[in-house]
Each structure stands twice: as C-alpha cells, then as structure tokens.
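Numbering-wise, the sequence shown is residues 932 to 1079 according to the working numbering.
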Amino acid sequence: MSFLLILFVPKNRIREAHLSFLFKQVITWLFGLLVVERNLITYPYRLFFRKANKSSFTFEYFVYPAMCTLFNLHYPENKNAVFKFCHYFLYSGVITGFEAIAVRYTDLINYKKWTWYWSLITMWFTFYLSRIYHRWFFKDKLNRSIVE
C-alpha cells in the first residue's frame, strides 16, 4: 500500500490524500471496534497491539484508509452514474474478495456472525461516507475545477 500511495498520489493532491486517509481511520475505528466487540468477526492472529485492541490494526488503520485515499483521489467525478457505480464496486469488491480469500484459506480472519456481503455493504457505505466528506471539505476546489 505504501508503494501504491507513493505511485498514485500526485504531489499537488497530498493534502486531499491526507484528509481522506485520516477520515477513513475515524470511520474504521468506530465500525471496526463495533464489529469485533460484538464478536461478529475475530482476528486470531494480529501482528500489532495484540492485547490492546481486538481489531486488525494493519487493515483498519493502514490498508483500508490507504485504499480510501486512492478511491477519493481517482473518483470519476465528471463521468456518468455507471462509471461511479463501477468505481464503488471495484474498490469494495476487491477488498471483500481479498477478505473472503483470507477467511477461507488463512487464520487471519474468522467470521462468527458475519458474511462477505456484510463486508461489501459496510465497505460501500464507508466509501460513500468518505466521498461525501471529501466533496464537502473540498467543495470550493471542485466547483473551481468544474468552472475552469
């Protein structure tokens, strides 16, 4: 993810990237803790903060926010609804696909009272929330670029 961020975040949009990253961390902290504390998902093997937090630190606080950064920076703002739907589906679907593989073939994630489609729905929803926030925060910049 670090390599992808270096490669796909333009220097003139680092401020936007930083905001998207931090906002997604806030959202995933809330939803991630809610899901693990209600015992819907467990993470039997965690590399960081094993005793401090039951959620997956690597995914919740780095991988997912980094994906959200790329999602917001490369959002097809001036395209039609089909492109926008595909953008949401691509990002949510790729993460859900990797999660489903991890559930099936590794001990990194165990679904207790959870399924892949709940992951897809919650990821779609959190991408939507971050998109709304991003548009609101940078509304002057978006309006200026549309006019020019």
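We treat Cβ as the ideally placed atom computed from N, Cα and C, and that holds for glycine.
Per DSSP, the beta bridge partners of residue 972 are 1042. Within the model, the alpha-carbon separation for residue 1010 versus residue 1016 is close to 10 Å.
The residues 1023, 1024, 1027, in chain order, have a CB closer than 8 Å to that of residue 1051 in the same chain once the five nearest residues on each side in sequence are set aside. Its chain contains 952, 955, 956 as the residues whose beta carbon lies nearer than 6 Å to that of residue 996, once the 5 sequence neighbours on both sides are disregarded; these appear in chain order. Proximity to residue 987 across 1043, 1020, 959, 1061 peaks at 959, based on C-alpha coordinates. Residue 1012 and residue 968 have their C-alpha atoms spaced approximately 36 Å apart. Under the 10 Å beta carbon count, residue 1035 is surrounded by fewer than 16 other beta carbons and is classified as exposed. When the Cα atoms are used, residue 1045 and residue 964 turn out to be separated by approximately 14 Å.
The C-beta distance from residue 1053 to residue 962 rounds to 6 Å, short enough to fall under 8 Å.
Put simply, of 1039, 979, 1002, 978 the residue whose alpha carbon is nearest the alpha carbon of residue 939 is 1002. Annotation: residue 1011 is outside any alpha helix (DSSP H) and is labelled neither H nor E by DSSP. In the structure shown, residue 932 falls within a coil segment according to DSSP collapsed to helix, strand and coil.
Annotation for residue 941: no residue places its beta carbon closer than 7 Å to its own, counting only its chain and skipping 5 residues before and after.
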